[in-house]
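Mapping of the sequence shown onto mature numbering (1 follows the signal peptide of the UniProt record, and there is no 0): residues -16 to -1, 1 to 371, in sequence order.
Here the structure comes first, spelled out in structure tokens, and everything after it is commentary.
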Amino acid sequence: MKIAFLTLFVIGVAAASNSVVLVFAPVPKIPALESIDYDSFNAIVKPLAEDHMIAVIQEDGLSYNDFLCKSNRTKEQSCYSRLQGITPKTFYRSVNNPEKVLQSLDPNSETIIISKSGKLETPLKCKAGKVVFFRFEAEPELSREDILETHDFAISNLMKQVSCPTVFMYTSTPEKESTVIKRARRALSIWETAAPEGGIIFSNPKFQIFFTTLSVTIDNTKKDITISSMKIDEHNTTDFTVTLASSDGVDNVTFNIALKAGYYYMKQLTYNTNTQFLTSDVNAPPAFSYFCGNLTVSSLNGNKLLWNSLQFQAPFSSKVNAVGDYFQFGDSWNCVGFVSHAILAGLFVSVILLAILFVGICWMMDINTMDRFDDPKGKTITINANE
């Protein structure tokens, strides 16, 4: 019984490492029931990399049955109506660890997350032998058929944007990596979509900002501000103006982002052009994103502007990872600072205890033998045990 269970376990692990691969290139055809091992697949793709770039589109949980699905709209048309019209193409039903084979061709391969539109934020730098992996944004609210049909459209758009000689492959994401990606996207959902948490995010290649709520207090009257758009006005390479506006144009928040001495600063924060707030402490290095759970800035006459869960970044020349229409925030540069009030209180208490300990040790070292009744000119007083 144990041997049979172990055999089934080994077979299951081996099957889990196999993936379907659709190659859009004239490659050798292999019988569908035959599994392709590492060396065989390497022999197939290695000649392609000699004079082509290889673009690998990875789909979470892709299997043979997905290629049989029908569109929810027509119930007759395939989910891959666009990919069906592309020739030549060859389908391999079972390939052992195709990603490892492709990574061995290019140890410096890169991974790009693409949106459902398939639009690239920046053009690909083509090079023969280069391997690029593309993965899709998570879409848990859609059915499997709708996801595949959407990705069919995205893949066809992606192919149109690559002008150099490229071999495209469509395969599944490795099981372990697929799980990691889903967990990572759940952690990043607050800045990628912001909708589940009720927050707002605006993004531009030069600047990205996220916050949950924004309010202003003018003459002791508080007002919640609903922002619907962001505009960037560039002055030079190290200075630009950001304008956040409501849909009706009644509320406008503007500020400058300036790069100085290795930090970008938020300056001249103004509400409706007539109320300016002090923001001298709002800054961070370009590789970091500024974050503050509750940022309150005040004007000279006592008016206040409050941001909740504010996070923004101006990368300038720093490299960021593009994720769809947004970019991934860098490590947070927290407004609280490293030395918080709790840390200062702990240091103060530690200093007091050390001072008490030092004084106590000094007192103990100062203890001497009792000599109050001794006469330095007379005979020394001695007391024996009998007395």
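Positions of the beta carbon are idealized from the N, C-alpha and C atoms, including for glycine.
> Looking only at C-alpha atoms, which of THR259, PRO91 and LEU32 sits nearest to VAL7?
Replying inline: The shortest C-alpha to C-alpha distance from VAL7 to any of THR259, PRO91 and LEU32 is the one to LEU32.
>> Using DSSP's beta-bridge definition, name the partner residues of ASP208.
In response: SER199, per the DSSP bridge assignment.
> Taking the runs of the alpha helix (DSSP H) that are 4 residues or longer, which of them lie wholly in the stretch 80 to 140?
Replying inline: As far as the stretch 80 to 140 is concerned, its whole alpha helix (DSSP H) runs of at least 4 residues are 82 to 89.
>> Assuming the contact rule is C-beta atoms closer than 8 Å, VAL29 and VAL85 should be a hit. Round their C-beta distance to whole Å, please.
In response: So it is a contact: roughly 6 Å between Cβ atoms.
>> From the DSSP secondary-structure annotation, give me the bridge partner or partners of LEU6.
In response: For LEU6, which the question treats as bridged, DSSP gives the partners PHE75 and TYR154.
> Taking all protein chains shown into account, do 16 or more other C-beta atoms lie within 10 angstroms of the C-beta of ASP232, making it buried, or fewer, making it exposed?
Replying inline: ASP232 should be labelled exposed.
> Leaving out five residues before and five after CYS110 in sequence, what residues of the same chain have Cβ atoms less than 6 Å from its Cβ?
Replying inline: MET37 and CYS148, listed in sequence order.
> Does the Cβ of SER273 have 16 or more other Cβ atoms within 10 Å, making it buried, or fewer, making it exposed?
Replying inline: With a 10 Å radius around the Cβ and a threshold of 16 neighbouring Cβ atoms, SER273 comes out buried.
> For GLU123, which residues of its own chain have a beta-carbon under 6 Å away from its beta-carbon, when the five flanking residues on both sides are left out?
Replying inline: Taken in chain order, the residues that qualify are ILE131.
> Which of helix, strand or coil does DSSP assign to GLN28?
Replying inline: What sits at residue 28 in the sequence shown is Ile, not Gln. Helix, per DSSP.
>> Using 8 Å for Cβ pairs, my map puts ILE209 next to VAL200. What's the rounded Cβ distance?
In response: 6 Å between Cβ atoms; contact.
> What whole-angstrom Cβ distance do LEU198 and TRP291 have, given they're in contact under 8 Å?
Replying inline: Taking 8 Å as the upper bound for CB-CB distance, LEU198 and TRP291 are in contact here, some 6 Å apart.
> How far does the beta strand (DSSP E) with SER187 in it reach, from first residue to last?
Replying inline: According to the DSSP assignment, SER187 belongs to the beta strand (DSSP E) that extends over 184 to 188.
> Are there 16 or more other CB atoms within 10 angstroms of the CB of PHE342, so buried, or fewer, so exposed?
Replying inline: Exposed, because fewer than 16 other Cβ atoms sit within 10 Å of the Cβ of PHE342.
>> Quick check on this structure: which residue in ALA229, THR254, ASP235 and THR225 has the alpha carbon closest to the alpha carbon of ILE241?
In response: Among ALA229, THR254, ASP235 and THR225, the Cα nearest to that of ILE241 is on THR225.
>> Measuring straight from C-alpha to C-alpha, what distance separates LEU(-11) and SER3?
In response: With a pLDDT of 41 at LEU(-11), under the threshold of 50, the modelled position of this residue cannot be trusted; read the value that follows with caution. Looking at the backbone, the Cα of LEU(-11) and that of SER3 are separated by about 22 Å.
>> Can you tell me which residues form a DSSP beta bridge with CYS276?
In response: In DSSP, CYS276 forms a bridge with LEU294.
> By DSSP, does LEU331 sit in helix, in strand, or in coil?
Replying inline: Look at LEU331 here: in three-state DSSP terms it is helix.
>> Rounded to the nearest angstrom, what separates THR227 and ASN49 at their Cα positions?
In response: Rounded to whole angstroms, the gap between the alpha carbons of THR227 and ASN49 is 49 Å.
> For the putative contact between residue 406 and LEU294, defined by C-beta atoms under 8 Å, what is the C-beta separation to the nearest angstrom?
Replying inline: In the structure as shown, the chain starts at -16 and stops at 371, and residue 406 therefore has no counterpart that could be examined.
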